[in-house]
Amino acid sequence: MGLSTVLLTGALLVSAASCSITPRSFSLSLAPASPISQRHVPQFVSYSFEPAFWTEFFGEPSAPRNLTFTLLNHLHERGARPIIRTGGITMDSMTFDPNQKLSVVRSENGKGGVYRTTIGPAFYEQWDNFPKGTTFVSTLNFGNNSVSIARGLAVAAYERQGNKIAYYELGNEPTNYPTSRWQKSTAAYVAQWRNFTNQIDKAVDGDSHGKWWASSATTDVTGLKVRPSDLIPAGINSTGEVGQYSIHSYAFATCDPAREQLATIPNILNHTDLARYADNEIYPSAKAALDVGAQWVIGEFNSIACSGKPNVSDTFAQALWTVDVELLYAVRNATSVHLHQGATLAFQSNQQLNTPGDDGTPGFSSYSLLYPVATSKRGDARVLPVFVSQLLVVEALSDGARIAALKTPEGMPANEFSAYAIFGKGGKLTKLVILNLRARYAGQKNSPGSLSLDIGAHQGATIKRMTAPSVDELDAAKVTWAGQSFRDGTAVGAVSVDTVAAGERVSVKDSEAVLVVFT
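When the letters of the sequence shown are read in order and numbered with mature numbering (1 follows the signal peptide of the UniProt record, and there is no 0), they come out as residues -16 to -1, 1 to 503.
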């Protein structure tokens, strides 16, 4: 997989001295190339945080981590209401200790391997520090095969923050559990899941009934078939337990050398392959849920599994990837998408690229929105280039917007372009999101190339740009949304909005995304 080279007629190089490049000119049809989606809710842009590293991201109730909360506040100011999933691999070794003073205590093997995550009452008290309107997925340990542990976690959450629990989730990625657990039997999994959830329902006064996430499987090929498309016909919701069906999305990985070789900027920005993955691996489960009148979510996702890949997932490419993938799933009627945040887990793979810090501090996942505290592995606390993607998507899907994909202009390689039409009240076309995914790397001598798009008749528009000097830019101070950067959390710079007059074309630089709002 790689970016194709566009063969253009005519001379592109106007002058060897100036190295200026004539914009590539195309016509973009605004006729939807897919069905128009459902109306999207303020919870669409949501998050998943690894429980073992909760304190690093959020601090303690009396000492909150301001950098993380500042980013969440930026989203709330724009109308988003993210659902926070307190989940990931370490939820399956999580226990509750009512006498523990700290929010989270990690039990490690000395080499960064987390074998137990113990949470105390302060873990739930911290929920009060989140912006008003934030709700949570209460995650429960299924990995230890103990109903008492899972029930204890559910009761602890319900008694302390019951009104903030949107959903409950039993277990993370059962596709990765030992084969001996259910002997590759979907029916055995369903039977035990229903047994646990039934007992937990009773312990929390029925609050969890009808609020369970079901599946939370990966798209890895495994002997145990427990994706939503497997569980729905197996009768997992025969008693009305399920609130939403969840599936996890990781198209790339650094869990082993073979997959690490494929985790490159050209590959994560190949729109054709991203859409193919969504359609082949995710949509069958989405359709199974939608066909029975249920909602489906991406309960956990990011670009590159096993904590990302430095110089790929910590660059501006990650921002472009995130916009494209979140909108791909919006078109396919996901109710919410939970971008995962965490740090390297040594037990996840013994062949993975990433490691914790040599001094025992976390090796934060390079796909995260931020490095919340200073560490030997990742350096100073700071926001990463990907954060601006969240602002674009939130603004694009505001006010209950509906979305459809647009066809790649004739003559343009489909793998380096993506565009979406967004519809407001009454079905009126109100916005466009356009991504020019042709890679522009640091050090290239020529001036950046660009697209010049004829979008047909219109009465004028404003344009906000998500841009950076290059696709491999690592410094969030040089990455902007509408002219503002967010490296330290606060917005730096004046808001910059372009305007185009009635009927004028829209320009998009290589490695840039724009939000067009019609006037």
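A virtual CB, placed ideally from N, CA and C, is assigned to each residue, including glycine.
Note on geometry: alpha-carbon atoms of PRO432 and GLU457 lie some 14 Å from one another. Residue LEU253 holds the alpha-carbon nearest to the alpha-carbon of ASN420 among LEU215, LEU253, THR70.
Less than 8 Å divides the Cβ of ALA141 from the Cβ of ILE149. Partner residues in the beta bridge of ARG449, as assigned by DSSP, are VAL498. GLY104 is the residue among GLY97, THR79, THR70, GLY104 whose C-alpha sits nearest the C-alpha of LEU86. ASP482: member of the beta strand (DSSP E) spanning 482 to 484, first to last residue.
Between the C-alpha atoms of ASN430 and PHE401 there is a straight-line separation of about 21 Å.
Inside the stretch 292 to 349, DSSP marks whole beta strand (DSSP E) runs of 3 or more residues at positions 321 to 325, from first to last along the chain. In this structure GLY395 is exposed. Its beta-carbon is surrounded by fewer than 16 other beta-carbon atoms within 10 angstroms. The beta carbon of ASP308 is closer than 7 Å to those of HIS255, LEU258, SER402, LEU419 in its chain, skipping five residues each way along the sequence. The alpha-carbon separation between TRP305 and SER287 amounts to approximately 7 Å.
In the DSSP annotation of this structure, the continuous segment of the beta strand (DSSP E) that includes TYR151 starts and ends at 149 to 154.
Residue pairing of SER91 in beta bridges, as defined by DSSP: ARG100. Unbroken beta strand (DSSP E) stretches of 3 residues or longer found wholly inside the stretch 103 to 183: 119 to 124, 149 to 154, given in chain order. Counted as a single uninterrupted DSSP element, the alpha helix (DSSP H) harbouring THR39 occupies residues 38 to 42. As DSSP reads the structure, ARG69 sits in a beta bridge with SER32, VAL121.
When the five nearest sequence neighbours on each side are left out, the beta carbons in the same chain lying within less than 7 Å of the beta carbon of ASP214 are those of THR170, in order along the chain. The distance from the Cβ of PRO66 to that of THR118 is about 7 Å, consistent with a contact at the 8 Å cut-off.
For the pair of segments examined, the stretch 261 to 271 was found not to touch the stretch 408 to 427: the number of CB pairs separated by less than 8 Å stays below three. Counting every other CB atom within 10 Å of its CB across the protein chains shown gives VAL481 a total below 16, marking it as exposed. Counting along the chain, the unbroken alpha helix (DSSP H) around ALA380 starts and ends at 371 to 380. Straight across, the Cα-Cα distance linking THR392 with TYR404 is about 10 Å.
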